[in-house]
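Student: Quick one: the structure is below, questions incoming.
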Amino acid sequence: MSTIFERCGGFATVRRIVSDFYERVLASENLQGYFAGIDMPRLVDHQTKFMTAIMGGPAKFTDQQLERAHARLGVRAGDYAELVALLVETLEEHGLPAEDVRTVEAALEARRTLIVAR
Numbered sequence: 030m031s032t033i034f035e036r037c038g039g040f041a042t043v044r045r046i047v048s049d050f051y052e053r054v055l056a057s058e059n060l061q062g063y064f065a066g067i068d069m070p071r072l073v074d075h076q077t078k079f080m081t082a083i084m085g086g087p088a089k090f091t092d093q094q095l096e097r098a099h100a101r102l103g104v105r106a107g108d109y110a111e112l113v114a115l116l117v118e119t120l121e122e123h124g125l126p127a128e129d130v131r132t133v134e135a136a137l138e139a140r141r142t143l144i145v146a147r
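For the numbering used here, count along the sequence shown from 1 and bump the result up by 29.
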């Protein structure tokens, strides 16, 4: 059985998805502030690896890494919900099957407590 990563086309496709996703994120008045002063090409590279891991590809991320990376950001629950919705929209527009989109969305929802401020 193949992974979402393999079915979607591998690293090149995941990178395009992540790049498109961040265009949407940076256009959001609610979300763009989280990325002020961030090296976006570096973040896109990092997030491509994260999405690769979420999609069953060859990259790995631990829950501790996610929690540590987001601890100082003060991510609000509503902003995280918007971010996930933008990713779902991006995945759908890139033609991922609904089941694969739901799997990615569920993986992000499962990590909500690691990213959203308490």
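Think of the CB as a built atom: it goes at the ideal place given N, C-alpha and C, for glycine as much as any other residue. Remember, predicted model here, so these are calculated numbers, not experimental data.
Going by beta carbon distance, what residues of the same chain come within less than 7 Å of residue 120, once the five residues before and after it are set aside?
Tutor: 46, 130, 133
Student: If I measure Cβ to Cβ from residue 76 and keep anything under 6 Å in the same chain, skipping five residues before and after, which residues do I get?
Tutor: Apart from sequence neighbours up to five positions away, the residues of its chain that approach residue 76 with a beta-carbon distance below 6 Å are 47, ordered along the chain.
Student: Is the distance from the Cβ of residue 143 to the Cβ of residue 92 below 8 Å?
Tutor: yes
Student: Can you give the beta carbon distance from residue 102 to residue 51, rounded, assuming they're within the 8 Å contact cut?
Tutor: Actually they do not touch by this definition, with Cβ atoms about 15 Å apart.
Student: Straight-line CA distance for residue 71 to residue 30?
Tutor: 32 Å
Student: Using the Cα positions of residue 99 and residue 146, report the straight-line distance between them to the nearest angstrom.
Tutor: 8 Å
Student: Looking only at DSSP bridge pairs, what is residue 104 linked to?
Tutor: 145
Student: With a CB to CB cut of under 8 Å and the five nearest residues on each side skipped, what residues in its chain are close to residue 53?
Tutor: 115, 118, 119
Student: Taking the alpha-carbon of residue 78 as reference, which of 94, 57, 105, 66 has the nearest alpha-carbon?
Tutor: 94
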